[in-house]
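So the protein sequences, as listed, match chains A and B.
For the first sequence, the tail end lands on 114 under my numbering, and the numbers increase by one without skipping.
For the second sequence, the tail end lands on 1011 under my numbering, and the numbers increase by one without skipping.
Even glycine gets a Cβ: it sits at the ideal position worked out from N, Cα and C.
One structure below.
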Amino acid sequence: MARESGGMLQGTLGLLILKSLVVQEQHGYGIARWLQDVSGDVLQIEEGSLYPALRRLEDRGFISSKWAITDNNRRARYYALTRSGRQHLRTDASTWLQFSQAVTLVLRAEPSVL
Amino acid sequence: MTLFGRRDPADPTPLWRRYLRFHRADVEADVEDELRFHLEMSATDLERRGHDRSEAERLARARFGEVSAIRKWLLSHDRKRQHREERADVMDTILLDLKYAMRKLRHQPGFTLGVVLVLGLGIGAATTMFSAVDAALLRPLPFQRDDRLMSINGLDIPLLEAKGAKRMAELDDARAMRTLFTHVAAYAPGGLNLSDVNAPMRLNVALMTPDLFATLGVPVARGRGFAAEEGKPDAAHVAVLSDGLWRRQFGADPSIIGRDVRLNDVAYRVVGVMPPRFGFPEATEIWLPLTIPSTFSQYEAFRSYMPTTFVARLAPGVEPASADAALTTLIRRFQTPERRAKSLDNETLEPLRDVLVGKRRTALLVLLGATGLVLLVACANVTNLLLSRAIGQRSELALRAALGASRGRIVRQLLAESVVLALAGGFVGVLLAYIGVGALGSLMPPSLAGAAPARVDARVLMFSTAIALMTGLAAGLWPALGASHANPSETIKSSAQSGTSGREGMWTRRMFVVAELALALMLAVGSGLMLRSLQSLLGNETGVNPVSVATLELTLPQVSYPNQLSRRRFFDDVIARALATPGVEHAAVVNELPLRGKSSIMLQVLAGLQAPANEDEMKFAQLLQTTPDYFQTLGIPLLRGRTFSATFDSARAPEVVISESMAKQLWRGEDPIGGQVGPAYGQQVAPTVVGVVGDVRPWSIESEPMPQMYLALANSAPNNAAILARGSLAPTALAARLREAVRAVNPTLAVYNVRPMTEVIAGAIAPRRTNTYLITLFGDVAVLLAAIGVYGVIAYGVARRTREIGIRMALGAQRNNVIGLVVSEGIVLAVLGVSIGLASAWALRRLLASLLYGVTPSDPAAYVGAAVVLLTVAVIAALVPARRALLVDPALAMRAE
């Protein structure tokens, strides 16, 4: 898949970020690690591009942020899902799944059927 | 947001915003911290996986991407967001203040209503006058670059039928000055009958040279304007309609273009329709070409002379002064030395707008100034109301201050209240202005009636909102600052009641009342002077007795009434029918009603036929053509001789009746009866004087009596005429009878201005009456407000001194002493205010000079009268609370506290 977030489908990165915050609030670096771990290095995201995406999500009210202290005593900005973010994730994720299934179906179709 | 804490239900401000208010987030540091945290964490993890430190840092950066680009994006985003939040925060506080203010005001409906009404009156008056001034003086006229449009005095349009040498500079001479003017056009407003509809009607018509619309820069909305060749005397008849006439009379039918309308029984081909709301000059409904040279047939739209205005558009870069100089030289070339001497002081070139607005400019500005004074009085009054209220609220405010409200916060809160009050007042004021603008009527320049009517539009609304806000801030600032000074600890310590005994507010309040009295006195002097002018005007003998007289005006189209005989027959028939009606005693016809407000044609005359050596010895006389019964109908006294004979006899020498002034000025004490009025003006025989009648004021009550001569209408029956009747019927019924008489003779003829004669005379003084009534109204309002102010401050003083009064009464003070004690305070204030007001009015007296008639601006009666009125009102306003002081029970008053 594309190496750059610019090459990812529009809104996909936002969806992934929201997903990363479902369980707990997290700082930007944590989100980057989680994405890398979960996707098994398939999704190579330029980590810096997370931050503009985070700001946009915050502007839309899907996430909120605050400064807090990490486990090893460092100050970091933590992001958390808001109620509307949770709602958005639910609807967007299902749309995405339907879409990707449809694409998969089309790609697997026998040429004769076309 | 809810993640970070519970919201206080009473405070709608989100918690994080309140947090920001104390610690304004440092955008730069936060972005830096966040990025550094990421990179360091990343590097540490990589180091842990076996990279050495510098390699780990490089890798971390590589994974991150372009750090500086991301940083830049984040910084700009976060700064914008911070601004947005701060703005929202400020808005929140303001809204909160306003909401709180409204809640508080709702709980004091009496106070609120009073203040809103007082401010509404002030703002309403100011808004109304502003809309008038804006329309007449400020707002650009609906023409292109109206500042480059000039009016030219001293030009002429040649007449096709005229003989003899050119005596004046003509329109074409000015047009030839192409370096000075891009256009020179002329127009003349008049009236014609629209004859081809079910009900005949009178229309406002303007004759214009074909280039008038181009000169003004106003395009035709449909069809076309006039072509240059349509400005020639023998061109086909064409017309342009106003949008209003097109809609009203022709149902906005686009196919009207190319059809004919009949004006005075002559067909005109409609070639265009003007855009909506364009009715220049006056309220023109239909435009016709003014031809060069003009012809006698064009005079049908006017009474005896064409009131032509010449408009020129200055060429780019030309200074008005240089154009004026060049034009004056041109005009002077045609003038005889005597005429040149007379016209010296007339400017040749004046801005068009100045000419159109004319003398009404001063009246409008003075009235706007008067409303400004009223608004100031209202403002001072509201300030005082707010001051007493603020003193009442002192303990509450002190408590809030003690609980940590900052001084700015308290000031803002109090200001919010006065602004809410003022905005509500502004709302009431705008409603009043909507009504008031309709009543401006004769205050507005008639020449701009169609082009720039006064109306409440966005500009005017902006003005009233602005003055409402200013009033709110001005009235509220002093009380708010004063209240915020309150020392919390002291006020809370003392009891609530003594919280109202503060002394310092007293002087401020007295000062405001003195200012109110002074302002009100200035207005009272102004209205006094205006009332005395009106009075002296009404005292003028008009020379006619208008009671029980009705009149109407009409035009006999030249086509249908081509000769003397047909017109004479028409007038004879109408008079006969009118006289046959029960209740009509006299009826007459005249070419021009007196006091109609429009100037008319003047003839140069002399006693006898010998032309004097010096042109100056000839006098100008107003020429009137009447039927013999005219003098009886209007009650004009016959002083000597007789009036004309009733029957027409072409064989006999024409007879003339002259006015007293004419007899005095031309015959200088000799007996005019039997004399002849010369020169003969192409008539075969010069008319012989048969009688002398009383003077009639010619076109307005202000114009001095002038020579007038009456010729028998039978000798030369005019096309334009007024018909009059006197009788025992009510004037309106009489007017209706006259209309019926005309209809019986010719049902297709339009009649207009059907009205009692008293209305004609009222119309002649309408502008002055309106001015006077308005300034008197403003004066009355100001005096009333000042009285309320005096009452308020004295009543407050009585309430404050209840204990003192009680002690005095217990010690044996008499009723009179108590009243004297209270009233004397009022008198001191009144005398002070009146003195200041008198001095200010005296200093400003020149402003009013040009609006006065028959009184000087230093008329002592007006000053004394105004002073007496204000002193009386102030004493009465002080007496009311004084009576309350008498009710003080000494025992109770002393026990209290």
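Straight-line gap, residue i to residue j (C-alpha atoms, nearest Å)
i	j	result
Thr226(B)	Thr585(B)	15 angstroms
Arg756(B)	Leu985(B)	58 angstroms
Thr293(B)	Pro708(B)	44 angstroms
Ala536(B)	Gln736(B)	56 angstroms
Gly14(A)	Leu89(A)	9 angstroms
Thr405(B)	Pro347(B)	5 angstroms
Ile689(B)	Val663(B)	14 angstroms
Arg915(B)	Gly979(B)	34 angstroms
Leu117(B)	Gly61(A)	Reliability fails at Leu117(B), whose pLDDT of 38 lies under 50, so the model's placement of it is uncertain and the value that follows must be treated cautiously. Leu117(B) and Gly61(A): Cα-Cα distance of roughly 12 angstroms.
Arg281(B)	Leu466(B)	25 angstroms
Asn312(B)	Glu667(B)	20 angstroms
Leu1016(B)	His351(B)	Because chain B spans 115 through 1011 in this model, residue 1016(B) falls outside it and cannot be assessed.
Ser532(B)	Leu898(B)	22 angstroms
Arg646(B)	Leu470(B)	28 angstroms
Ile185(A)	Gly30(A)	The question about residue 185(A) has no answer here: the residues shown for chain A are numbered 1 through 114.
Leu888(B)	Leu231(B)	19 angstroms
Leu114(A)	Thr95(A)	The predicted model places Leu114(A) with a pLDDT of 47, which falls under 50 and marks its position as unreliable; any figure quoted below should be read in that light. Near 25 angstroms, if we compare the C-alpha coordinates of Thr95(A) and Leu114(A).
Arg691(B)	Gly564(B)	38 angstroms
Pro1013(B)	Thr862(B)	Residue 1013(B) lies beyond the residue range present for chain B, which begins at 115 and ends at 1011; the question has no answer from this structure.
Ile371(B)	Leu355(B)	9 angstroms
Trp956(B)	Gly550(B)	30 angstroms
Below-7 angstroms beta-carbon distance, residue i vs any chain A residue
i	result
Leu173(B)	no
Arg177(B)	yes
His165(B)	no
Leu188(B)	yes
Ile1073(B)	No answer is possible for residue 1073(B): it lies beyond the span of chain B, which begins at 115 and ends at 1011.
Glu142(B)	no
His221(B)	no
Phe136(B)	With a pLDDT of 48 at Phe136(B), under the threshold of 50, the modelled position of that residue is not reliable, and no figure is offered here.
Gly613(B)	Low confidence applies here, because Gly613(B) scores a pLDDT of 39, under 50, leaving its location unreliable and the question unanswered by this model.
His191(B)	yes
Met155(B)	yes
Glu148(B)	yes
Short Cβ contact (7 angstroms threshold) for residue i with residue j
i	j	result
Val803(B)	Pro786(B)	yes
Ala999(B)	Ile919(B)	yes
Glu344(B)	Pro254(B)	no
Gly386(B)	Gly339(B)	yes
Ala836(B)	Thr656(B)	no
Thr108(B)	Thr443(B)	Nothing in the structure corresponds to residue 108(B), since chain B is present only between 115 and 1011.
Leu306(B)	Ala477(B)	no
Ala76(A)	Thr82(A)	no
Ala849(B)	Val874(B)	no
Ala249(B)	Asn318(B)	no
Leu487(B)	Leu637(B)	yes
Met322(B)	Tyr301(B)	yes
Leu481(B)	Met243(B)	yes
Glu47(A)	Phe178(B)	yes
Residue-level contact to chain B via CB, residue i, 7 angstroms cutoff
i	result
Arg86(A)	no
Arg90(A)	no
Ala93(A)	no
Arg77(A)	yes
Proximal residues of chain D, C-beta to C-beta of residue i below 9 angstroms
i	result
Phe151(B)	No chain D appears in the structure shown, which is made up of the protein chains A and B.
Inset, instruction - Give, in chain order, every residue of the stretch 47-74 of chain A whose Cβ lies closer than 8 angstroms to some Cβ of chain B. - result: Glu47, Gly48, Ser49, Tyr51, Pro52, Arg55, Asp59, Ser64, Lys66, Trp67 and Arg74
Legend entry - Residues of the stretch 17-31 of chain A whose Cβ lies closer than 8 angstroms to any Cβ of chain B, in chain order: His27, Gly28 and Tyr29
Legend entry - Runs of beta strand (DSSP E) lying entirely within the stretch 371-413 of chain B, each at least 3 residues, in chain order: 374-377, 380-387 and 400-403
Inset, instruction - Return the chain-ordered ranges of every alpha helix (DSSP H) run that is complete within the stretch 264-315 of chain B and spans a minimum of 4 residues. - result: 285-289
Legend entry - Those runs of the alpha helix (DSSP H) which lie wholly inside the stretch 829-899 of chain B and span at least 4 residues: 845-859 and 871-878
Inset, instruction - Would you list, in sequence order, the uninterrupted beta strand (DSSP E) runs of no fewer than 3 residues that lie entirely inside the stretch 744-786 of chain B? - result: 752-755 and 769-773
Legend entry - Runs of beta strand (DSSP E) lying entirely within the stretch 463-491 of chain B, each at least 3 residues, in chain order: 463-465
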